[in-house]
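One structure is given here, and the rest of the page talks about it.
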DNA sequence: GTAGGGTTAG
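Numbering (the UniProt record's numbering), first residue to last: 1 to 651.
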């Protein structure tokens with residue numbers, strides 16, 4: 001007897017639907033594991049269109065696809081589907097959802113909302129939330145979360161330890177990191193190579209490369225991975241230890257490891273400095289051999305490497321060769337021009353970037369701002385300020401700080417003050433920008449006032465802040481105040497003075513006429529004095545007409561920078577002012593034999609976006625006559641000099 | 001068959 005179709009159909013139908021969902025699930029899973037998250041989402045959509053209900057296994061896979069895409073839009077779409085599903089409260093579904101939002105950088109609102117509503121929190125959920133806070137730099141909240149986790153009696157595992165290590169390195173707190181390290185040993189996860197790799201990276205980020213090395217050397221050879229090598233190489237790169245990075249790379253190849261994209265990327269980072277071009281080129285060629293150089297992030301790093309190695313032409317032609325330029329590609333190239341003070345090329349590329357439909361972000365803007373500060377382009381600087389406002393970038397403190405610095409360097413204290421008082425958050429960088437702005441523009445009293453107010457607000461000065469106040473003292477000739485600050489820096493704040501700080505102190509002594517003391521100070525410095533310090537002493541000798549100490553300083557300068565013209569000129573002036581004409585003649589001979597040429601000094605100013613360059617006694621500007629009239633009315637130029645120019649018929 | 005994780009340019 002034939003069964004009627006109507007009784008058998010629903011069962012068959014349900015069975016076939018079940019098997020179709022199962023096969024769709026494996027399709028989704030495979031797509032995700034093979035690195036095609038977008039394909040997984042297409043399958044998911046097809047499922048819905050065919051009336052197939054995703055089950056409890058579908059959602060974790062789909063969530064994983066969303067984490068790989070880091071797209072908030074996709075995540076929210078999936079979230080809506082999940083809400084309608086009977087499996088919404090499943091712990092794995094919830095964990096997947098949480099992780100999805102963490103990866104979209106939606107930690108504080110979306111991810112925490114999911115976490116907060118979870119009934120049963122597994123260790124994975126805690127870890128995901130912890131990582132999320134750490135990656136979003138919400139370190140306080142991460143610490144609170146860890147405490148809560150302990151109170152809840154959840155036992156930390158290896159992933160927790162990794163999250164805590166990243167937390168400690170984010171805070172640059174090596175003490176905290178050591179206690180995380182101890183926790184790792186106590187719970188027995190120190191043999192886990194992933195944990196060790198995190199420690200290597202974390203110690204180097206805290207500035208303790210020797211501890212990174214210790215962890216690296218303790219890893220069992222059987223479990224050592226490429227990531228371990230990469231972490232160690234990155235550590236060296238960040239510490240500026242290019243030679244050590246290269247040595248590690250050599251050992252890595254010797255040990256039979258195949259470098260990957262990340263190896264090349266990090267290695268290039270260690271050669272992004274002058275005099276490292278040869279090694280950079282070597283690694284570039286390795287990258288080509290390994291097939292890494294079609295990757296846009298490697299290309300971007302290469303552009304950066306070439307420009308930092310002062311080979312801007314190679315950087316530009318490499319940039320031009322990139323087919324799929326990203327925002328970072330543009331920014332790196334704009335930054336290359338900006339760092340060498342080439343504002344015009346930087347701006348041109350910035351407009352090209354916008355024309356190409358790429359959105360500049362805060363890093364792009366910060367580069368442009370700093371270029372304006374370097375060349376004193378107040379007009380452009382103001383324009384970028386308003387551009388930053390229109391793009392909502394000025395709310396970021398880093399942008400505001402860059403603007404403060406730019407206004408100070410352009411000598412516009414009013415713009416700087418206005419901005420400073422409008423900021424609702426001020427970091428040590430903001431204060432330091434203000435202080436050094438006043439120091440630079442000769443308003444030493446105001447610089448010191450700001451310094452005191454800053455101290456009262458509870459902020460701790462760093463070595464750059466101290467440099468700024470010391471410069472203020474130099475400009476005002478405040479010898480005692482300078483020494484007091486210098487001692488406060490070394491004794492109270494335990495900051496070791498760098499070359500610049502020592503230069504200030506030597507300058508302070510020299511300008512006061514204490515040339516012998518200045519010389520003694522330089523000779524007893526714990527670090528080798530550079531050309532800047534000797535130049536400061538030489539110019540002090542010029543003020544106080546001391547040819548003997550001047551000769552000594554000049555001698556060092558001729559050794560350090562034989563091609564620089566300034567020391568020869570300074571020394572010749574000192575001889576002339578003390579009537580030692582034989583000395584003047586000997587300097588002339590020395591300049592000739594060393595083939596040193598003195599180019600006249602230049603000064604550039606921008607008005608209405610146009611650059612004007614002037615030299616001493618410049619007669620080429622069309623409005624020169626007017627300029628000299630104004631100068632004479634200010635008492636900066638004598639009437640007689642203007643008449644001389646007139647008679648020469650230059651105007 | 002299901003989670004959370006290690007290196008990553010400006």
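Every residue gets a Cβ at the ideal spot worked out from N, C-alpha and C, and that includes glycine.
The structure presented is a predicted model; accordingly, all values stated were derived computationally and were not measured.
According to the neighbour-count rule (16 or more other Cβ atoms, all chains shown, within 10 Å of its Cβ), is residue i buried or exposed?
{"i": "residue 408", "result": "buried"}
{"i": "residue 594", "result": "exposed"}
{"i": "residue 79", "result": "buried"}
{"i": "residue 380", "result": "buried"}
{"i": "residue 29", "result": "buried"}
{"i": "residue 1", "result": "In this prediction, residue 1 scores a pLDDT of 40, lower than 50, which makes its location untrustworthy; no coordinate-derived value is stated."}
{"i": "residue 649", "result": "For residue 649, the predicted model reports a pLDDT of 42, less than 50, meaning its position is unreliable and no value from the coordinates is stated."}
{"i": "residue 229", "result": "buried"}
{"i": "residue 373", "result": "buried"}
{"i": "residue 313", "result": "exposed"}
{"i": "residue 394", "result": "buried"}
{"i": "residue 166", "result": "buried"}
{"i": "residue 528", "result": "exposed"}
{"i": "residue 216", "result": "buried"}
{"i": "residue 5", "result": "A caution first: residue 5 carries a pLDDT of 46, below 50, which makes its placement in the model unreliable, though a value can still be read off. So residue 5 ends up on the exposed side."}
{"i": "residue 243", "result": "exposed"}
{"i": "residue 377", "result": "buried"}
{"i": "residue 75", "result": "buried"}
{"i": "residue 232", "result": "buried"}
{"i": "residue 150", "result": "exposed"}
{"i": "residue 223", "result": "exposed"}
{"i": "residue 451", "result": "buried"}
{"i": "residue 3", "result": "Confidence at residue 3 is low in this model, with a pLDDT of 44, below 50, so its placement is unreliable and the value that follows should be read with caution. Classification for residue 3: exposed."}
{"i": "residue 613", "result": "exposed"}
{"i": "residue 25", "result": "buried"}
{"i": "residue 144", "result": "exposed"}
{"i": "residue 147", "result": "exposed"}
I think residue i touches residue j, with their Cβ atoms under 8 Å apart; what is that distance to the nearest whole Å?
{"i": "residue 99", "j": "residue 136", "result": "14 Å between Cβ atoms; not a contact."}
{"i": "residue 315", "j": "residue 336", "result": "5 Å"}
{"i": "residue 508", "j": "residue 473", "result": "6 Å"}
{"i": "residue 169", "j": "residue 138", "result": "Between residue 138 and residue 169 the Cβ distance is about 15 Å, and since that is not below 8 Å, they are no contact."}
{"i": "residue 576", "j": "residue 584", "result": "5 Å"}
{"i": "residue 322", "j": "residue 349", "result": "So it is not a contact: roughly 13 Å between Cβ atoms."}
{"i": "residue 433", "j": "residue 459", "result": "That belief does not hold up - the Cβ atoms of residue 433 and residue 459 are roughly 13 Å apart, past 8 Å."}
{"i": "residue 587", "j": "residue 547", "result": "The Cβ separation is near 11 Å, so there is no contact."}
{"i": "residue 511", "j": "residue 543", "result": "7 Å"}
Return yes when the Cβ of residue j is within less than 7 Å of the Cβ of residue i, no when it is not.
{"i": "residue 237", "j": "residue 270", "result": "yes"}
{"i": "residue 276", "j": "residue 309", "result": "yes"}
{"i": "residue 334", "j": "residue 367", "result": "yes"}
{"i": "residue 485", "j": "residue 531", "result": "no"}
{"i": "residue 365", "j": "residue 399", "result": "yes"}
{"i": "residue 504", "j": "residue 455", "result": "no"}
{"i": "residue 21", "j": "residue 52", "result": "yes"}
{"i": "residue 195", "j": "residue 184", "result": "yes"}
{"i": "residue 268", "j": "residue 301", "result": "yes"}
{"i": "residue 133", "j": "residue 121", "result": "no"}
{"i": "residue 401", "j": "residue 363", "result": "no"}
{"i": "residue 330", "j": "residue 347", "result": "no"}
{"i": "residue 397", "j": "residue 384", "result": "no"}
{"i": "residue 102", "j": "residue 113", "result": "no"}
{"i": "residue 226", "j": "residue 260", "result": "yes"}
{"i": "residue 500", "j": "residue 538", "result": "no"}
{"i": "residue 556", "j": "residue 534", "result": "yes"}
{"i": "residue 615", "j": "residue 629", "result": "no"}
- Message: Taking 8 Å as the cut-off, does the stretch 437–447 touch the stretch 403–413 (at least 3 CB pairs, one atom from each stretch)?
- Response: Three or more Cβ pairs closer than 8 Å define a contact, and the stretch 403–413 meets that threshold against the stretch 437–447.
- Would you mind listing the alpha helix (DSSP H) stretches within the stretch 31–93 that are 4+ residues and don't spill past its ends, in chain order? Within the stretch 31–93, the complete alpha helix (DSSP H) runs of at least 4 residues are 37–49, 58–69 and 72–84.
- Task: Write down every uninterrupted run of the beta strand (DSSP E) in the stretch 217–287 whose length is 3 residues or greater and which is fully enclosed by it, in chain order.
- Result: Counting whole runs of 3 or more residues, the stretch 217–287 contains no beta strand (DSSP E) stretch at all.
- Message: Quick check: the stretch 85–93 against the stretch 55–71, are at least 3 beta-carbon pairs closer than 8 Å?
- Response: By the criterion of at least three beta-carbon pairs nearer than 8 Å, the stretch 55–71 is in contact with the stretch 85–93.
- Message: List, from N- to C-terminal side, the beta strand (DSSP E) runs of 3 residues or more that fit wholly inside the stretch 515–545.
- Response: Counting whole runs of 3 or more residues, the stretch 515–545 contains no beta strand (DSSP E) stretch at all.
- Take every Cβ of the stretch 520–530, pair it with every Cβ of the stretch 479–495, and state whether three or more of those distances are shorter than 8 Å. As far as the Cβ criterion goes, the stretch 520–530 does not touch the stretch 479–495, which means the pair count is below three.
- Return the chain-ordered ranges of every alpha helix (DSSP H) run that is complete within the UniProt repeat "PPR" (122–156) and spans a minimum of 4 residues. Runs found: 123–135 and 139–151.
- 4-residue-minimum alpha helix (DSSP H) runs that sit fully inside the stretch 177–209, ordered along the chain: DSSP runs (the alpha helix (DSSP H)) wholly in the stretch 177–209: 193–205.
- Whole alpha helix (DSSP H) elements within the stretch 458–522, 4-residue minimum: Listed in chain order, they are 463–476, 479–487 and 499–511.
- Item | Those runs of the alpha helix (DSSP H) which lie wholly inside the stretch 393–468 and span at least 4 residues | Note on the stretch 393–468: whole alpha helix (DSSP H) runs with a minimum of 4 residues are 397–409, 413–422, 428–440 and 444–456, in chain order.
- Output the residue ranges of the beta strand (DSSP E) runs that lie fully inside the stretch 345–384 and measure 3 residues or longer, sorted by chain position. Within the stretch 345–384, no beta strand (DSSP E) run of at least 3 residues lies entirely inside it.
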